[in-house]
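Working notes, beginning with the structure itself.
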Amino acid sequence: MAQAKKTGRLFGAVTGAALAASAMFTPFTAAAQDTTPANLKSPTVTEQMRNAELEELGRAGSAVANYARQTENGVGILLHVGDDLRARAQAAADKHGVTPEHALNVMVTRLAEHYAAKFGTHGVETSLFPTTNYDARATGLSYHIREVVYEDENGNPLLNLKEASTEIPRVVEALEYLRRTARLDANIPTPNTPEIGG
């Protein structure tokens, strides 16, 4: 985590990028804000739901960490689906006669495509790992780069969708920094140690 803080400090300049909404299923407009529609109530979260949520988070967390460690030119994205995205999925499902699960899957797929395209312009691969986050008003995500979780200039690893898009150039810089550091570390010869007592 110290490396993540160091990386966050190294790339302190925030660049501006507007997040554009395109299609009806595109979750960016509502999810990019930290507001939840007034008529949205979080479901009563039962112990069984909470246990399932924690298991899902554990699987997604392991998968994104493995992806980030094993992909030299990639960024893993852990997406925490909040009430805002679930509300938009329900509204889209009601309007178009599909299940809320289908609408949510379409939205998550669109998010994955969005981030793949944005990072792709920098020559960086991505993989998105969604997980349910009950009682969270806004959807958020974290970027995983090699062994670290990316933090913005304020030390925040969990970003809302608007912040996440704005941070992409800095995430790319952090990835390049970590790749250079790994190459340098790999080229440092192991020092010869004198034998003790010899």
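Per numbering that gives the first Met the number 0, residue 0 is the first one in the sequence shown, and the count goes up by one each step.
Beta carbons are placed, not taken as given, at the ideal position from N, Cα and C, and that holds for glycine.
Under DSSP, H143 takes part in a beta bridge, and its partners are G75 and V148. In the DSSP assignment, E124 falls within the unbroken beta strand (DSSP E) covering E124 to T131. The segment 86-99 and the segment 144-160 do not touch, with fewer than 3 CB-CB distances between them shorter than 8 angstroms.
Going by beta carbons, G73 and E112 fall outside the 8 angstroms limit.
For E55, the uninterrupted alpha helix (DSSP H) run begins and ends at E46 to Q69, by DSSP.
Sorting I167, T180, Y142 and E172 by C-alpha distance to the C-alpha of G60 places Y142 at the top. It is roughly 16 angstroms from the alpha-carbon of V107 to the alpha-carbon of L56.
Taking the Cα of I76 as reference, the smallest distance to any Cα among A62, Q89 and V44 is reached at A62. Under the DSSP assignment, T120 falls outside any alpha helix (DSSP H); it carries neither an H nor an E label. Counting C-beta atoms within 10 angstroms of its own C-beta, G119 has fewer than 16 neighbours from the protein chains shown and is therefore classed as exposed. Cβ atoms of L84 and L53 stay farther apart than 8 angstroms, at about 19 angstroms.
Here E166 is not near R68, since their CB atoms are 8 angstroms or more apart. Nearest neighbour of V80 by Cα position, chosen from S164, P129, P168 and R169, turns out to be P129. For V171, same chain residues with a beta-carbon under 6 angstroms away, outside a window of 5 residues either side, are H121 and V123 in chain order. Here T138 is buried: its Cβ has 16 or more other Cβ atoms, across all protein chains shown, within 10 Å. Apart from sequence neighbours up to five positions away, the residues of its chain that approach L78 with a beta-carbon distance below 6 angstroms are L127, P129 and L140, ordered along the chain. Nearest C-alpha to Y66 among I144, N132, A90 and K94: I144.
Its chain contains Y133 as the residues whose beta carbon lies nearer than 7 angstroms to that of M48, once the 5 sequence neighbours on both sides are disregarded; these appear in chain order. A straight line joining the alpha-carbon of Y114 with that of P168 spans about 12 angstroms.
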